[in-house]
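Engineer: Chains as they are written, first to last, in the working numbering: chain P, 1 to 327; chain S, 1001 to 1327.
Ideal placement from N, C-alpha and C gives every residue a C-beta, glycine not left out.
#1: Nearest-angstrom Cα distance between residue 94/P and residue 1007/S?
#2: My understanding is that residue 154/P touches residue 68/P, with C-beta atoms under 8 Å, so please give their C-beta distance in whole angstroms.
#3: Please go through the segment 62–100 of chain P and give each complete beta strand (DSSP E) segment of 3 or more residues, from N-terminal end onward.
#4: Alpha carbon to alpha carbon, how far is residue 1301/S from residue 1099/S?
#5: So that I know if they touch, is there some Cβ in chain S lying closer than 8 Å to that of residue 273/P?
#6: Can you confirm whether the segment 1118–1131 of chain S touches the segment 1247–1254 of chain S when touching is taken to mean that 3 or more C-beta pairs between the two stretches lie within less than 8 Å?
#7: Could you compute how far the alpha carbon of residue 71/P sits from the alpha carbon of residue 156/P?
#8: In the structure shown, what three-state DSSP assignment does residue 53/P receive?
#9: Are the beta-carbon atoms of residue 231/P and residue 217/P separated by less than 8 Å?
#10: Which same chain residues, not among the five before or five after residue 187/P, have their C-beta less than 8 Å away from its C-beta?
#11: Taking only three categories from DSSP, how would you classify residue 229/P?
#12: Please tell me whether residue 270/P and residue 3/P are closer than 8 Å, where the distance is taken between their beta carbons.
#13: So residue 296/P and residue 87/P are in contact, right, with Cβ under 8 Å, and what is the actual spacing, rounded?
#14: Going by C-alpha distance, which of 1288/S, 1315/S and 1177/S is nearest residue 1005/S?
#15: Measure the C-alpha to C-alpha separation of residue 275/P and residue 1040/S and round it to an integer number of angstroms.
#16: Tell me which same chain residues have a C-beta within less than 7 Å of the C-beta of residue 11/P, skipping the five on either side of it?
#17: Give the single residue among 115/P, 149/P, 184/P and 181/P whose Cα lies nearest to the Cα of residue 169/P.
#18: Measuring alpha carbon to alpha carbon, tell me which of 284/P, 327/P and 304/P ends up nearest residue 1308/S.
#19: Please work out which residues of its chain come closer than 7 Å, Cβ to Cβ, to residue 1303/S, disregarding the five sequence neighbours upstream and downstream, and give them in chain order.
#20: Does DSSP put residue 265/P in a helix, in a strand, or in coil?
#21: Just to confirm before moving on: does the CB-CB distance between residue 47/P and residue 29/P stay below 8 Å?
#22: Going along the segment 179–203 of chain P in order, which residues come within less than 7 Å of chain S, judged by CB to CB distance?
#23: List the residues of chain S that residue 144/P touches, going by C-beta distances under 8 Å, in chain order.
#24: Starting from residue 1155/S, trace the alpha helix (DSSP H) both ways and give me its first and last residue.
#25: Going by C-alpha distance, which of 20/P, 137/P and 74/P is nearest residue 1281/S?
#26: Using the rule of at least 16 other Cβ atoms within 10 Å of the residue's Cβ for burial, across every protein chain shown, is residue 20/P buried or exposed?
#27: To the nearest angstrom, how far is the alpha carbon of residue 201/P from that of residue 1318/S?
#28: Taking only beta-carbon atoms, is residue 1297/S less than 8 Å away from chain P?
#29: Let's see if you can read the secondary structure: which residues bound the alpha helix (DSSP H) around residue 236/P?
#30: With a threshold of 8 Å between beta-carbons, can residue 137/P be considered close to chain S, or not?
#31: When you compare the CB positions of residue 1192/S and residue 1227/S, do they come within less than 8 Å of one another, or not?
#32: Using a Cβ-Cβ distance cut-off of 8 Å, determine whether residue 175/P contacts chain S.
#33: Would a C-beta distance cut-off of 8 Å place residue 1272/S and residue 268/P closer than the cut-off?
#34: Have a look at residue 181/P and residue 1298/S and give me their C-alpha separation to the nearest angstrom.
#35: Determine the direct distance from the alpha carbon of residue 161/P to that of residue 212/P, and round the result to whole angstroms.
#36: Checking 8 Å against the spacing of the C-beta atoms, do residue 111/P and residue 167/P come in under that value?
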């Protein structure tokens, strides 16, 4: 008995899920659902493609539906909508709106007796887990999260919207001095500017005013104004050659104290170095699809997050194997 | 309603638990149980001390009993014995014997309708969790565990048993070249000798044959023969001054591939840098005591490991707070 997976949305994330399912022998891909004309979509693995309007016809064929849309407009609608008929997973990553999203999805999933796992990926996701574990184990201390080096899609898009910009790629880079201060155990207070720098590779349109573009980037509120921002103008060819990947990663570090007089310091550090942000996120989604399937089989329902899932539910291995091989 | 904790065994680990309970506002220490004469034991926090023979009188007063004995002879007997009457936690760390220990403890805990959590700490424990999560997320890859820099009690004891040795301290140290090879994503095959070196600080008795001691250490099977081992003779004063701490730590690293043709590489790294090995282990035990209490309150019973525990059960925070603050 394999776990049958449906993919909703076929961008970078959906493609990553398609590849990841191939690496998990207890799963098979039922098909991909798209808003586009199904015949126009060519898949990486010759997977079947369906139009999203037909999805309810397959509700008994799909064990878990992995929703691969965006957090801004897709997931707030899609996840509650499909949680009534399917076990679903999403990677909703607008941290501030997670409580609201949770409530909406929970209601729908409970109505349908389904499991809906939200905010799965690496942040939120693996990073969240590490923040929780570290804080639970060392209650007196401080959590630090650093992102990068990696491409921020949102910041790249913000630059592209500037007049005179043809294309752009923005890298978020943690500041070494800040990382080292945290690792030293000094529990420093760090400003936004002290934690990360932003490096931008920009292709300007012919004749565009580069000085003006650079100034617009550096002073853009929320996105860049609070950071040390470095802008490089490059050609379209250079952008394609040197900046076509979607790497990312980061660090979750906790420094905590123990002992009667807090005399002992402990540093817990978790880090990711990812060649492909969407493929890694997809891999996390697929592992949690296994957990969602099992939890629902056991009669559980409602909205869940990575905090609610016993780690063993993620693994293809039996509990006996896990204790023998990994404990 | 606070969670009432009993401590069984009052060595470094028991003292660590005593201090850790002070850092967790939802817990209180009921008392310490010892094989010694209770009146002879002075505690760090003026905790009550009882003789172990009286422990059954307090079975309704203690929510979770944290068993702080050794893995060689104490825990294989104590954990099954007390799991009939108490929710218990231990730090059983003889990896090869975990399946057997699990079976014995599971039977006892189920008889008593109690939760018994075994092999809690950092390895087994937090390191095991990281091996599992990383493998589940990146099925095609390799796990690497490195220990140190840190004091190995077992190896220090082995040196102390050599004729002519007054005292000794052994540090396990991961080899930088091996760590870097793993981090490079090359998935190297590493021998025991390539992964760790062993550094020994030895106080010899007056007139002892140091060359003979050094040779006995370096050729000791299992403990040292398979490693590059460095021996330094120092004075008793130097040992006290420079080597009285019990630091430890290490690294769990997984390198895995994703993509249709496995073209993308991802590195997951978890590391610990601990001033005090027993105090950190104690802190993990205490967090899992909270989980054991909650799981038993929900009607669960039997032997559990860190793999079976939803992360949220470890935290003093509510699920709403966790989603808002840490997800």
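Structural biologist: Inspection of the coordinates gives the following:
#1: Residue mapping note: residue 94/P aligns to position 94 of the first chain, counting from 1. Residue mapping note: residue 1007/S aligns to position 7 of the second chain, counting from 1. When rounded, the distance between both Cα atoms is 43 Å.
#2: As a working mapping, residue 154/P is identified with position 154 in the first chain. As a working mapping, residue 68/P is identified with position 68 in the first chain. At roughly 17 Å, the Cβ-Cβ gap does not stay under 8 Å, so residue 154/P and residue 68/P are not in contact.
#3: 64–67 and 87–89
#4: For the purposes of this step, residue 1301/S is taken as the residue at position 301 of the second chain. For the purposes of this step, residue 1099/S is taken as the residue at position 99 of the second chain. Whole-angstrom Cα-Cα distance: 18 Å.
#5: Numbered from 1 along the first chain, position 273 holds the residue referred to as residue 273/P. So yes, residue 273/P belongs to the interface.
#6: yes
#7: Within the first chain, residue 71/P is the residue found at index 71, counting from 1. Within the first chain, residue 156/P is the residue found at index 156, counting from 1. Their backbone Cα atoms lie some 17 Å apart in a straight line.
#8: As a position in the first chain, residue 53/P is number 53, starting the count at 1. In the structure shown, residue 53/P sits in a helix (DSSP, three-state: H, G or I).
#9: Translated into the one-based positions of the first chain, residue 231/P becomes position 231. Translated into the one-based positions of the first chain, residue 217/P becomes position 217. Taking 8 Å as the Cβ cut-off, residue 231/P and residue 217/P qualify as a contacting pair.
#10: Taking the first chain and counting its residues from 1, the one referred to as residue 187/P is at position 187. Excluding sequence neighbours, residue 187/P sits near 141, 142 and 255.
#11: By one-based count along the first chain, residue 229/P stands at place 229. Note: residue 229/P maps to strand in three-state DSSP.
#12: Against the first chain, residue 270/P aligns to sequence position 270. Against the first chain, residue 3/P aligns to sequence position 3. No. Outside cutoff.
#13: As a first step, residue 296/P must be located in the first chain, where it is residue number 296. As a first step, residue 87/P must be located in the first chain, where it is residue number 87. Right, the Cβ-Cβ distance comes to about 5 Å (below 8 Å), so this counts as a contact.
#14: Numbered from 1 along the second chain, position 5 holds the residue referred to as residue 1005/S. For the residues 1288/S, 1315/S and 1177/S, the minimum Cα distance to residue 1005/S belongs to 1288/S.
#15: Along the first chain, one-based indexing puts residue 275/P at 275. Along the second chain, one-based indexing puts residue 1040/S at 40. Those two C-alpha atoms are separated by around 59 Å.
#16: Translated into positions along the first chain, residue 11/P becomes position 11. Closer than 7 Å at Cβ, skipping near neighbours: 68.
#17: Numbered from 1 along the first chain, position 169 holds the residue referred to as residue 169/P. With distances taken between Cα atoms, residue 169/P lies closest to 149/P.
#18: Taking the second chain and counting its residues from 1, the one referred to as residue 1308/S is at position 308. Comparing Cα-Cα distances from residue 1308/S to each of 284/P, 327/P and 304/P, the minimum goes to 327/P.
#19: The residue labelled residue 1303/S in the question sits at position 303 within the second chain. These residues qualify, in order along the chain: 1102, 1105, 1106, 1109, 1116 and 1118.
#20: Mapped onto the first chain, residue 265/P falls at position 265. In the structure shown, residue 265/P sits in a strand (DSSP, three-state: E or B).
#21: Reading the first chain from its first residue, position 47 is the one you call residue 47/P. Reading the first chain from its first residue, position 29 is the one you call residue 29/P. The Cβ atoms of residue 47/P and residue 29/P lie closer than 8 Å to each other.
#22: none
#23: Residue mapping note: residue 144/P aligns to position 144 of the first chain, counting from 1. The premise fails here: residue 144/P is roughly 13 Å from chain S at the closest Cβ pair, so nothing lies under 8 Å.
#24: Position 155 of the second chain, counted from the start, is the residue given in the question as residue 1155/S. Where residue 1155/S is concerned, the enclosing alpha helix (DSSP H) stretches over 1153–1160.
#25: Within the second chain, residue 1281/S is the residue found at index 281, counting from 1. The shortest C-alpha separation from residue 1281/S is found at 137/P.
#26: Here residue 20/P corresponds to residue number 20 of the first chain, with the count starting at 1. Result: buried.
#27: As a first step, residue 201/P is located in the first chain; it is residue number 201 there, counting from the start. As a first step, residue 1318/S is located in the second chain; it is residue number 318 there, counting from the start. Distance between the alpha carbons of residue 201/P and residue 1318/S: 43 Å.
#28: On the second chain, residue 1297/S is found 297 positions in, with the first residue counted as 1. Not one chain P Cβ lies under 8 Å of residue 1297/S.
#29: If you number the first chain from 1, residue 236/P lands on position 236. It spans 236–242 - the alpha helix (DSSP H) in which residue 236/P sits, taken as one unbroken run.
#30: As a first step, residue 137/P is located in the first chain; it is residue number 137 there, counting from the start. It does; some Cβ of chain S falls within 8 Å.
#31: Against the second chain, residue 1192/S aligns to sequence position 192. Against the second chain, residue 1227/S aligns to sequence position 227. Cβ atoms of residue 1192/S and residue 1227/S: closer than 8 Å.
#32: Sequence index remark: in the first chain, residue 175/P carries index 175 (1-based). Output row for residue 175/P: interface = no.
#33: Within the second chain, numbered from 1, the residue matching residue 1272/S stands at position 272. Within the first chain, numbered from 1, the residue matching residue 268/P stands at position 268. In this structure, residue 268/P lies closer than 8 Å to residue 1272/S by Cβ.
#34: Position 181 of the first chain holds residue 181/P. Position 298 of the second chain holds residue 1298/S. Between residue 181/P and residue 1298/S, the alpha-carbon positions lie close to 43 Å from each other.
#35: Residue 212/P sits at position 212 when you count from the first residue of the first chain. Residue 161/P sits at position 161 when you count from the first residue of the first chain. So the alpha carbons of these two residues sit roughly 14 Å apart.
#36: The sequence position of residue 111/P within the first chain is 111, counting from 1. The sequence position of residue 167/P within the first chain is 167, counting from 1. Not a contact, by the Cβ cut-off of 8 Å.
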